[in-house]
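In what follows, a structure is listed as structure tokens, so that the remarks can point back to it.
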Amino acid sequence: MGDKETAVPSVTRAGCSDDQFFNPILTMGYQVAAILVLSHAFQLCLKFIPGPIAQILAGFVLGPSVISNIEGVKKFFFQAFALDYYEAMAMYARIIIMFLIGLELDVAYLIRNLRRAFVIALGGCVICTIFAFAITSFIFEQTSSEGNHFLMGCMIAVIMSNSGSPLVIRLAAHLRCATTDVGRLAISSSLISDLYAMCVLIIVSRDKRDKSKGWISDGFLALLIILTVVVVNIYLTKFMNRRNRNKKYLSNVEVCIILVNIIGAAMAVESIGYSSIYACFFIGSMFPRGGKTIRTLLIKLTYTIHNFIYPIYFGYAGFKADLSVVYKHMWRVLIIVLVILLSIGGKITGTLAACHSVNTPLNEGVLLAFLLNLKCHVDLVALTVGQQNGMVISPTFYSLMTCSAVISSIISGPLIAYLVRRESDTLGYKHVALESQDPDGELRILACVHNPRPVSTMVGLIATSGGYGNVPITPYLMHLIELPKKTKTKKKMMHAQKEYEELSDEDDYGGNDVVEINESVDDFTAETGVMIHQVKIVAPFTSMYEDVCEFAEDVRASIIIMPFHKHQRIDGILESGKVGIRSTTQKVLRHARCTVAVLVDRGLTAGSLMDSGSYSLQHVVTLFFGGTDDREALGFSERMGAHHHINLTVIRFLPAVASRDQNVEVNVARKEESVLMAITDNERESEIDNNVMTDFYNKYVTSGRVGYVEKRVNDGTDTASALRDISDMYSMFIVGKGGRGHTTITIGISDWEECPELGTVGDYLASSDFDISGSVLVVQQHIPKNEDEEDEIDIDEDR
């Protein structure tokens with residue numbers, strides 16, 4: 003796979019065998035089936051071994067190290083010319099895997115954290131390279147190799163320093179830490195480590211070629227092919243997105259056209275003499291985001307790769323290890339142990355030193371070191387290229403290095419799983435309230451809809467929450483679909499990052515709503531450039547909230563935005579929808595471990611909030627009465643207020659005179675402990691409110707970025723009157739649900755409370771009696787509950 007002179011005869015032998023043409027293919031099929039069965043068996047029996055490592059272990063056990071060491075099995079599994087088929091299969095698997103990794107790559111995160119990822123990756127690679135050259139002479143002599151010491155040192159450096167990025171990505175996803183900062187940093191660093199190893203490999207392989215063949219011109223030709231494919235994909239994607247706008251996905255023929263384009267480019271790069279690994283990754287990372295093209299590719303490739311290609315590819319990596327070469331030579335065992343120890347030690351030493359320089363905690367540095375020590379990717383390519391080009395002539399060397407890489411991954415996998423479980427408190431889902439977050443930090447939003455009505459306003463909120471546009475946001479739009487009670491189909495959870503998805507344009511779940519939602523999101527992405535990850539959940543209303551909360555934890559969402567169960571009719575009256583929609587929202591408010599907001603969409607702000615080309619300002623007001631929820635609403639408003647299409651005003655409501663029910667002397671005379679505690683809590687909350695508003699005023703109001711108004715009111719009646727006065731001045735009202743303690747300025751604001759899930763003020767703004775044209779966003783801050791409180795909630799719901 004490295005040099006064109008050696009690759010052609012290999013393929014020729016694979017396809018031109020006279021009497022055994024079918025045997026290698028059948029053998030490969032039997033091996034694939036055996037690897038799948040064994041990997042599932044290991045996952046069931048050995049719970050401490052992660053799935054990807056179980057697949058490598060299955061290949062290792064099935065290979066010549068264990069089962070295939072038996073003579074009868076060896077004759078069956080190792081027939082003539084079969085190796086060429088395996089290499090071709092592995093090459094095509096790498097092409098598709100690296101293209102998918104490029105599609106799924108969080109490019110924005112990599113750019114923001116490029117320095118950290120580069121330093122961490124380089125630290126481990128440099129130390130491993132030093133260790134590799136230190137043991138080169140010993141290994142050269144013990145393996146009776148012929149060739150160049152320097153080339154062998156480079157080969158060992160590639161094996162020890164690289165990180166198997168596909169394995170790192172898959173293992174991080176399996177351990178549910180891929181969305182954490184540590185997981186994303188490990189993925190970014192593994193890609194850079196692989197790039198370092200590939201550069202070393204390219205330098206070594208170029209050194210073996212005839213200089214008269216113009217390897218520099220070949221490099222420019224390969225780069226030209228890659229850039230051409232990137233440009234072609236841009237125009238091809240635009241064309242396919244415009245075609246058949248009434249469909250949700252591309253047809254199979256259109257998908258095949260794109261994949262043929264990618265595979266053709268990879269083969270062209272391979273024929274020139276360069277590995278196509280990073281070519282495919284670059285093409286995938288530069289693939290246009292948004293639209294049905296990337297949506298279809300992600301769904302089709304994710305399901306196929308995760309369920310079939312990854313198990314086979316990882317199993318094949320383990321299958322290549324052959325420990326039979328060390329059974330009678332203990333010094334060869336010493337070489338394997340030495341390479342593994344130095345590889346792990348080099349990664350730990352270099353990674354921890356790099357983490358110290360970029361202020362990464364020690365426990366995270368250890369986890370990063372073991373994650374970056376996973377093998378099975380570039381090292382196998384390096385060994386194949388080295389064997390084909392004759393860099394080091396010693397079959398023993400290649401067998402020992404393959405065993406070292408495979409065993410190193412098998413050892414690191416359980417250790418990583420143990421570290422992740424041990425650091426569950428650190429790596430687990432920990433919500434940070436919006437009021438405490440840096441407004442310039444990343445915001446992860448999960449917006450939920452039951453139908454297309456609130457989609458444009460939802461995506462408008464997503465767009466404006468990004469501030470000036472330089473604030474990183476990771477938005478998800480979840481389509482909640484009721485599973486009919488009569489169906490016996492099991493609950494389905496489907497999205498671009500999971501393995502299950504209905505690809506039919508005529509599926510029974512969602513109908514035309516899915517098409518409308520997709521079109522709205524695609525138009526938004528085309529206008530703003532913000533990529534929204536779409537999710538579809540099909541579940542009964544009774545358990546739908548569980549999927550919402552679980553997915554929010556998986557993606558580390560900072561805020562969940564739920565739709566109100568009422569929608570506005572043409573005459574302006576809010577009409578109730580299904581009862582299950584309201585119950586789902588109420589349960590999410592109770593059970594979600596992050597901030598939850600409820601959107602009352604009146605439909606008049608949708609297009610204007612979403613339209614990035616509009617020059618009209620949208621007037622948004624935040625109503626601040628005090629308390630945890632209002633501070634959370636203020637924290638979300640900070641991000642919106644930075645957007646150049648939003649004119650934000652904060653109105654703080656204060657009591658005109660001191661409230662009698664807060665008279666300390668009266669309460670002391672009563673000597674009721676609960677009342678005294680309430681007074682203390684109110685005073686503490688009031689002090690926090692004052693500090694938050696002071697900081698907000700000094701940061702935003704004095705600079706003229708946000709308007710600020712104080713209103714003095716006596717009671718709820720005055721508050722209601724003040725709200726009616728501003729009812730037609732703003733296109734959106736943002737308010738906290740409650741958490742204000744005992745205050746007279748909101749008591750009696752309306753005759754009765756129709757929707758308690760919105761709080762006193764939110765319920766009044768959403769009522770039909772309150773004539774406003776703007777939408778309402780009611781925000782609730784998450785307050786951690788102890789286990790007893792959660793049990794009480796579950797018992798109440800069961801009743």
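Per the numbering used here, the very first residue in the sequence shown carries number 3; after that it's consecutive.
Quick reminder that beta carbons are idealized off the backbone N, C-alpha and C, glycines included.
Relative to I204, the option among G643, N361, A159, H645 whose CA is nearest is A159. For A92, the three-state secondary structure derived from DSSP is helix.
Taking one beta carbon from each stretch, the segment 59-67 and the segment 316-336 have 3 or more pairs nearer than 8 Å; the two touch.
Contact annotation, V383 with I279: C-beta distance approximately 7 Å; criterion of less than 8 Å satisfied.
With respect to the C-alpha of T587, the residue from H151, M546, S165 having the closest C-alpha is M546.
Residue state for I51 is assigned as coil, using DSSP reduced to three classes. Contact annotation: G286 and I113 have beta-carbon atoms that are not nearer than 8 Å. Taking a 10 Å sphere around the C-beta of C357, we find 16 or more other C-beta atoms and assign the residue as buried. Distances from the alpha-carbon of D691 to those of F626, R707, S190 put F626 closest. C-alpha of A281 to C-alpha of I648: approximately 42 Å in a straight line.
Looking at P657, M734, D524, V532, the one whose alpha-carbon comes closest to that of M242 is D524.
In this chain, the alpha helix (DSSP H) harbouring Y315 covers 312-321.
When the beta-carbon positions are compared, A635 and V715 stay at least 8 Å from each other. Annotation: L303 to I98 spans about 8 Å, alpha carbon to alpha carbon. Here DSSP, grouped into helix, strand and coil, assigns Y32 to helix. The beta carbon of T145 lies closer than 6 Å to those of S396, T398, F399 in the same chain, with the five residues before and after it left out. Per the coordinates, the alpha-carbon of S769 lies some 23 Å from the alpha-carbon of Q620. Contact between M731 and V622 does not hold, since their C-beta atoms are separated by about 11 Å, which reaches or exceeds 8 Å. For K349, no beta strand (DSSP E) encloses it; the enclosing alpha helix (DSSP H) starts and ends at 332-359. Excluding residues up to 5 positions away in sequence, R186, L187, S190 lie with their Cβ nearer than 8 Å to the Cβ of N115 in the same chain. Apart from sequence neighbours up to five positions away, the residues of its chain that approach T353 with a beta-carbon distance below 7 Å are I122, G125, G126, G367, L370, A371, L374, ordered along the chain. Under DSSP, I563 takes part in a beta bridge, and its partners are A449, A599. DSSP places F627 outside both helix and strand once states are collapsed to three, so it counts as coil. Excluding residues up to 5 positions away in sequence, D524, T527, A528, M533 lie with their Cβ nearer than 7 Å to the Cβ of G292 in the same chain.
DSSP places S253 outside both helix and strand once states are collapsed to three, so it counts as coil. Counted as a single uninterrupted DSSP element, the alpha helix (DSSP H) harbouring N520 occupies residues 514-530.
Secondary structure in the segment 747-788: the beta strand (DSSP E) runs of 3 residues or longer, each lying completely within the stretch, are 777-782 in chain order. With fewer than 16 other Cβ atoms from the protein chains shown falling within 10 Å of its own Cβ, Y32 counts as exposed. Assigned with DSSP and collapsed to three states, R172 falls in helix. A distance below 7 Å between beta-carbons, with the five flanking residues on each side excluded, links V590 to the following residues of its chain, in chain order: Y547, V550, C551, I562, M564, V598. Assigned with DSSP and collapsed to three states, T544 falls in coil, not helix or strand.
Within the segment 676-738, the beta strand (DSSP E) runs of at least 3 residues that lie entirely inside it are, in chain order, 709-715, 734-738. Annotated as distal: V652 and L760, with beta-carbon spacing of 8 Å or more. Distance from the Cα of A95 is smallest, within the candidate group S467, F310, P363, for F310.
Taken atom to atom, the span from the alpha-carbon of R654 to that of V780 is near 16 Å. Take H176, set aside five residues on each side of it, and the residues of its chain with a beta-carbon closer than 7 Å to its own are P52, G53, P54, in chain order.
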